[in-house]
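Note that the sequence shown ends on residue 567 in the working numbering; no numbers are left out. In what follows, a structure is listed as structure tokens, so that the remarks can point back to it.
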Amino acid sequence: MAATWIQRIPSRNVRLLTGGRNDTAFLCGGVQQQQQQHPAAHPSTPAVHSSSPLHRFTAPSRAHSGLSASRLGYAKEKMSENGPWGKVLTIDTMNPTVKKVEYAVRGPIVQRAVQIEKELREGVKKPFAEVIKANIGDAHAMGQQPITFFRQVLAMCSYPELLNDSSFPEDAKHRARRILQSCGGSSLGAYSASQGIDCVLQDVARYIERRDGGIPCNPENVYLTTGASDGIMTMLKLLVCGEDEGRTGVMISIPQYPLYSAALAELGAVQINYYLNEDKCWSMDLSELKRSLKEARRHCNPRALCIINPGNPTGQVQSRDCIEDVIRFAAKERLLLMADEVYQDNVYAEGCEFHSFKKVLFEMGPEYSDSVELVSFHSTSKCYMGECGFRGGYMEIINMDPEVKAQLNKLVSVRLCPPVPGQALMGLVVNPPQPGEPSYINFIKERSATLSALAEKARLTEEILNTVPGISCNPVQGAMYSFPSISLSKAAIEEAAENDQAPDMFYCMRLLEETGICLVPGSGFGQKDGTYHFRMTILPPMDKLKVLLTKVKEFHQRFTNQYS
């Protein structure tokens, strides 16, 4: 029986057969005759026999394009609510790794909080007047004010006519002109180079050098990203490979920021948990890293170690000694280090100091600085800026194989470029007003006020929560969160099970329904079996934070009495 060869057609040119002229019939009809004459021209394409359903689907000529499927003799299929052939994309046919992705920070608790807000607007009576969201590190949504200098420059970049406005300071105008001169057509609306705006890459490199005491930074090793999350995801894409016991494993801290578990699930990588030491203020423990790695090597190929410092959700600041131990461990075990340092300005506790992994690595000498592969990440979303919506960030790569770097360049080129306004903002974060410039005094005033307020809220959160029997809160040394442990009775745990909920999810949902306080259960971040926590931000304004903490205290006492 004669075979028909079907040409491969780019998917963007193919439309579903609907009976109209713009369908696959005219695409296939004109090609079919030619292919029957020259089947050898497509030796890699499988033959489709003329009697097969596929042949009947693709064979109609252009003249038949206006006819219905039944008149063309197509196989009749049972009509469903989704059409004659059903949906192409269903829950059963979608990418199975996506179904494994979970992101507790915007999970069921937050969805219910949004519903409650709607109910309040519609006049539904509740035992509270508003929902106070402390579930996510979104500083401006919580009332934090933007830095004036940053917004001035961004305003002029967006609307260059403002460069003629005498009310804007000259240092802000200088930054705006410099950024615009590096943009195509002097417009923030043009694509940038895939790696980022050149002047911003230069400024990031100089910032890293100042921060790290003069250790050189090559701008060619800096990539601007769509927030830190984009950089993290990009690196994980480069890392993940292999099958079965050879599948890439990535070590992440528990508790962890759910971006990591979600990204690993989406990529089909193996999540390797190592537990932070709650009894020692959530510090990293070298013996725990060794235990975790040894167990993981039985079923996967561990290739990377992720660290969040200062910590999310746990608020710890790792010591220099701890960082040195981690670097030695990574060197010995041949692990790539991924250092998430987006909270590097958020350090509050006395005696704590932020140490960048790069600085420590190079100060340990060539034995480590010449070989350990390190990628570090920063963002405009946290610290004193809180500019989450601009999605600005960068990553710096150290000791990356040149051939892999070429592949990285290819990968980032596919996305074209990060949002250019976010790139511009990142450039301002790393090149803020300097002493002697017109905006310097006000910039320092606003920056200091924001960080001082966060430090006071960190202190207050720890203090009040630790007055509640059954709640224990470690010092919030840095970042924007506390992660207190909560004691739950057997009766509460059993009722949670009856509701098919994790115990701390049950607790947080009850807290939301009774008080309007929106927190995230610790189970969404990972925790040791038999322990329960919640994460809350310290970002709400001081008056609301006091209300929040008082309501949590009163609720926990009622909850404990109810289930005692």
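Where is the CB? At the ideal position from N, CA and C, for every residue including glycine. In this text, all values refer to a predicted model and were calculated from it rather than measured experimentally.
8 Å Cβ cutoff, residue i in contact with chain D
| i | result |
| --- | --- |
| residue 301 | In the displayed structure, chain D is absent; only one protein chain is listed. |
Candidates the options: closest to residue i by CA position
| i | options | result |
| --- | --- | --- |
| residue 612 | 192, 533, 322, 170 | Residue 612 is absent from the structure shown; the chain starts at 4 and stops at 567. |
| residue 540 | 525, 409, 166, 417 | 525 |
| residue 438 | 412, 447, 147 | 447 |
| residue 455 | 189, 90, 304, 350 | 350 |
| residue 355 | 270, 254, 202, 319 | 319 |
| residue 3 | 518, 458, 431 | A query on residue 3 cannot be resolved here, the shown segment of the chain reaching from 4 to 567 and no further. |
| residue 169 | 182, 161, 155, 181 | 155 |
| residue 208 | 400, 305, 516 | 400 |
| residue 367 | 330, 392, 444 | 330 |
| residue 172 | 445, 113, 521 | 445 |
| residue 560 | 514, 532, 527, 550 | 514 |
| residue 162 | 348, 565, 180, 147 | 180 |
| residue 348 | 212, 149, 216, 453 | 453 |
| residue 517 | 102, 115, 96, 191 | 115 |
| residue 312 | 290, 124, 258 | 258 |
| residue 483 | 244, 457, 504, 195 | 457 |
| residue 245 | 200, 459, 260, 305 | 305 |
According to DSSP, residues forming a beta bridge with residue i
| i | result |
| --- | --- |
| residue 536 | 488 |
| residue 350 | 481 |
| residue 235 | Bridge partners of residue 235: none, in fact. |
| residue 135 | 520 |
| residue 591 | Missing from the structure shown is residue 591; the chain here goes from 4 to 567 and no further. |
| residue 475 | 488 |
| residue 374 | Paired residues: none, contrary to the question. |
| residue 286 | 280 |
Contacts around residue i, its chain only, beta-carbon distance under 8 Å, and the 5 residues preceding and following it disregarded
| i | result |
| --- | --- |
| residue 241 | 407, 410, 411, 414 |
| residue 3 | Residue 3 lies beyond the range of the chain shown here (4 to 567); nothing can be said about it. |
| residue 110 | 523, 527 |
| residue 422 | 229, 393, 394, 395 |
Span of the alpha helix (DSSP H), counted from its first residue to its last, around residue i
| i | result |
| --- | --- |
| residue 210 | 201-214 |
| residue 276 | Run containing residue 276: none in the alpha helix (DSSP H); it sits in the beta strand (DSSP E), 273-278. |
| residue 377 | That residue, residue 377, is in no alpha helix (DSSP H); its beta strand (DSSP E) goes 377-382. |
| residue 506 | 506-518 |
| residue 183 | 173-184 |
| residue 424 | 423-433 |
| residue 292 | 289-299 |
| residue 405 | 405-417 |
| residue 452 | 443-468 |
| residue 564 | 545-565 |
| residue 243 | No alpha helix (DSSP H) contains residue 243, which DSSP labels as neither H nor E. |
Residues near residue i by beta carbon distance below 6 Å, same chain, minus five either side
| i | result |
| --- | --- |
| residue 47 | Its pLDDT being 42, under 50, residue 47 is placed unreliably in this model, and the coordinates cannot settle the point. |
| residue 120 | 134 |
| residue 198 | 226 |
| residue 280 | 286, 288 |
| residue 113 | 138 |
| residue 638 | Residue 638 lies beyond the range of the chain shown here (4 to 567); nothing can be said about it. |
| residue 544 | 146 |
| residue 382 | 230, 231, 345, 396 |
| residue 264 | 274 |
| residue 402 | 376 |
| residue 220 | 208, 211, 212 |
| residue 471 | 556, 559 |
| residue 186 | 193 |
| residue 385 | 345, 346 |
Short Cβ contact (8 Å threshold) for residue i with residue j
| i | j | result |
| --- | --- | --- |
| residue 315 | residue 346 | yes |
| residue 429 | residue 227 | yes |
| residue 255 | residue 276 | yes |
| residue 307 | residue 338 | yes |
| residue 562 | residue 487 | no |
| residue 268 | residue 100 | yes |
| residue 475 | residue 567 | no |
| residue 424 | residue 157 | yes |
| residue 391 | residue 233 | no |
| residue 363 | residue 210 | no |
| residue 252 | residue 303 | yes |
| residue 467 | residue 554 | no |
| residue 361 | residue 218 | yes |
Extent of the continuous beta strand (DSSP E) to which residue i belongs
| i | result |
| --- | --- |
| residue 342 | 339-343 |
| residue 228 | 225-228 |
| residue 265 | Run containing residue 265: none in the beta strand (DSSP E); it sits in the alpha helix (DSSP H), 261-270. |
| residue 251 | 251-257 |
| residue 398 | 396-401 |
Proximal residues to residue i (C-beta, below 7 Å), its chain only, five neighbours per side dropped
| i | result |
| --- | --- |
| residue 3 | The structure shown does not extend to residue 3, since the chain is modelled only from 4 through 567, so no value can be given for it. |
| residue 441 | 172, 173, 174 |
| residue 130 | 517 |
| residue 2 | Residue 2 lies beyond the stretch modelled for the chain, which goes from 4 to 567, so this question has no answer here. |
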